[in-house]
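To keep things clear, I will list the structure first and then write my remarks on it.
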Amino acid sequence: MSELKKKIQAEGIQALKSGDKDKRGTLNLLLNAIKNKEVEKRSGLAPEVEDRETASQLTDGEVQKVIQAEVKKRRDSIEAYRVANREEMAQKEEAEIGLMEVYLPTPLSDEEVGQTIDQIIDETNAEGPQDMGAVMGQVMARLGGRADGTKVSRMVMEALNALQDGGESAKI
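Heads up: take any position in the sequence shown, counting from 1, add 4, and you land on my numbering.
Okay, here's the thing in C-alpha cells:
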C-alpha cells in the first residue's frame, strides 16, 4: 500500500477521534477517490494476474494524481459557485482544497516553471506554437505534477508565440 494512502488513512482516523468532522469528511472523499482508482486499475489487469489486490495498489505518484484531480474538481466547483453567487459553498470547497493540498508536493514557482520551459524549448529546438505538444509533454514530465497544467500550458504557449514572433528564445 502507498505510504501516502496510509498517511491519509491514519490522519482520517485521528480526525474521527478528535471530532473534526470536516477533515474526516474530506479525507473520506479522498480515500473513496483513491479506492475508485484502484478498482479501475484492477479491472484493467490481465486475467492471468494472480494477486490482483496487490497489483492494483496505487503508487504514491498515482495517489498524488488522484489528489490533484480532486483539487481540480474543487477549483472548478468554486468557479461555478461564485458565478451562482454561492460564496458559502465556494468557501467550503476552498477549505477542502486546503486539507488535500497538504498531501501534495510543494508547487514550483512561476520562475522555476519558466526556467524549465526555457530549458525544454532549447533542448527540443522548438520554433513556435506548432511544437506545443512536444514541449508540453516534456515539461509536464520534468515538473512531475508540481505545477498546474493549465498554467504551464499558458506559459508554454506564450513562450512559443514570443519565440516565433521574436525569432529568438523568449525567456520567461
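Glycine included, every Cβ here is placed at the ideal spot set by N, Cα and C.
{"Query": "Residues in its own chain within less than 8 Å of I121 by CB, not counting five upstream and five downstream?", "Result": "V139, V143, V156, M159, V160, A163, I176"}
{"Query": "For E74, count neighbouring C-beta atoms within 10 Å of its own C-beta (all shown protein chains included) and say buried if the count is 16 or more, exposed if not.", "Result": "buried"}
{"Query": "So the alpha helix (DSSP H) A31 belongs to, where does it begin and stop?", "Result": "According to the sequence displayed, residue 31 carries Leu and not Ala. Run containing L31: 25–47, per the alpha helix (DSSP H) assignment."}
{"Query": "Take D26 and list the residues in its own chain whose beta-carbon comes closer than 6 Å to its own, dropping the five residues that flank it on each side.", "Result": "none"}
{"Query": "Measure how close the beta-carbons of Q68 and G149 come, nearest whole angstrom, since I'm counting them as under 8 Å.", "Result": "6 Å"}
{"Query": "Report the three-state DSSP secondary structure of G141 (helix, strand or coil).", "Result": "helix"}
{"Query": "So, using beta-carbon positions, are A117 and A151 closer together than 8 Å?", "Result": "First, the amino acid is wrong: residue 117 is Val here, not Ala. In this structure, A151 lies closer than 8 Å to V117 by Cβ."}
{"Query": "Under 8 Å Cβ to Cβ from E127, same chain only, skipping five residues before and after it: list those, please.", "Result": "Q142"}
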